[in-house]
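**Student:** If you scroll down you'll find the structure; I have some questions about it.
This is the structure we're talking about:
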């Protein structure tokens, strides 16, 4: 019996949308977050639907829910900005330099040009967390996760493990100080806008409050 070779013809290129890069995904999440915060600020969380957020952001509801498990979690990308800037500065903390000096010299609370002009949106959602319990829950979860990073850096300075009670307590205190200072900045900016003086006060307040936290490491 002869072998029969079947000519399947030329391979047809696979159709459909090209894969989305991680950078594109993050950019889209941030854009959705901006629209969600704007709607939450204007109408409240309860009166804002996922459909409204998707329509404002120019995406389908399917895309919205692919990025976020709930409408409240849409604020995560902006809230993360208020934490990520401090975390980055903490990671860059040079050995032999006091943390307060390092903060005064380098810390920018994700509100400069590198934040893409999101200063008002970041601080708006921080203010919203005080009146919207669902948003506050998202904010507190993000801050709790950040404590792991804080503990790792502090443990490295202390020459111990990140799970040590003293280190964990210092990391939790650091997170609380950052939250209070950011809340104070959000209130100040609501009254006077994002000004160099407001940012300077925030930086000084944070540096002074964190001085006892790292003492003795």
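In this note's numbering, the protein residues as written are 4 to 220. Positions of the beta carbon are idealized from the N, C-alpha and C atoms, including for glycine.
1. Leaving out five residues before and five after residue 173 in sequence, what residues of the same chain have Cβ atoms less than 6 Å from its Cβ?
2. Go to residue 68, then tell me how far its alpha helix (DSSP H) extends in each direction, as first and last residue.
3. Tell whether a beta-carbon distance below 7 Å holds between residue 137 and residue 48.
4. So for residue 218, helix, strand or coil by DSSP?
5. What did DSSP end up calling residue 236 once you bin it into helix, strand or coil?
6. Could you work out which residue in 42, 187, 65, 152 is closest to residue 130 when comparing CA atoms only?
7. What are the boundary residues of the alpha helix (DSSP H) that includes residue 194?
8. When the distance is taken between beta carbons, is residue 154 closer than 7 Å to residue 144?
9. On the three-state DSSP scale, how would you describe residue 117?
10. In the structure shown, what three-state DSSP assignment does residue 50 receive?
11. My understanding is that residue 83 touches residue 95, with C-beta atoms under 8 Å, so please give their C-beta distance in whole angstroms.
12. Span of the alpha helix (DSSP H) holding residue 112?
13. Buried or exposed for residue 205, going by 16 or more other Cβ atoms inside 10 Å?
14. If you drop the 5 nearest sequence neighbours on each side, which residues of the same chain put their C-beta closer than 7 Å to that of residue 163?
15. Using a Cβ-Cβ cutoff of less than 8 Å, which residues in the same chain neighbour residue 123 once the five nearest sequence positions on both sides are dropped?
**Tutor:** In short:
1. Indexing the chain shown from 1 puts residue 173 at position 170. These residues qualify, in order along the chain: 157, 216.
2. On the chain shown, position 65 is the one that residue 68 refers to. Element bounds for residue 68: 64-70.
3. In the chain shown, counting from the first residue as 1, residue 137 sits at position 134. In the chain shown, counting from the first residue as 1, residue 48 sits at position 45. Contact flag set, yes.
4. Mapped onto the chain shown, residue 218 falls at position 215. Coil at residue 218, not helix or strand.
5. Any property of residue 236 remains undetermined from this structure, which presents the chain solely from 4 to 220.
6. As a working mapping, residue 130 is identified with position 127 in the chain shown. Checking every option, the nearest Cα to that of residue 130 belongs to 187.
7. Taking the chain shown and counting its residues from 1, the one referred to as residue 194 is at position 191. 168-195 is the extent of the alpha helix (DSSP H) around residue 194.
8. The sequence position of residue 144 within the chain shown is 141, counting from 1. The sequence position of residue 154 within the chain shown is 151, counting from 1. Taking 7 Å as the Cβ cut-off, residue 144 and residue 154 do not qualify as a contacting pair.
9. Stepping through the chain shown from its first residue, residue 117 is reached at position 114. Only weak support is given to the placement of residue 117: the predicted model assigns it a pLDDT of 45, under 50, and the value that follows is read from those uncertain coordinates. Judged by DSSP in its simplified three-state form, residue 117 adopts helix.
10. As a first step, residue 50 must be located in the chain shown, where it is residue number 47. Note: residue 50 maps to coil in three-state DSSP.
11. Position 80 of the chain shown, counted from the start, is the residue given in the question as residue 83. Position 92 of the chain shown, counted from the start, is the residue given in the question as residue 95. Going by Cβ atoms, the distance from residue 83 to residue 95 rounds to 18 Å, so no, they are not a contact pair.
12. On the chain shown, position 109 is the one that residue 112 refers to. Per DSSP, residue 112 belongs to no alpha helix (DSSP H) and is neither H nor E.
13. Locating residue 205 in the chain shown gives position 202, counting from the first residue. That one is buried.
14. Reading the chain shown from its first residue, position 160 is the one you call residue 163. The beta carbon of residue 163 is closer than 7 Å to those of 170 in its chain, skipping five residues each way along the sequence.
15. As a working mapping, residue 123 is identified with position 120 in the chain shown. Hits under 8 Å: 192, 197.
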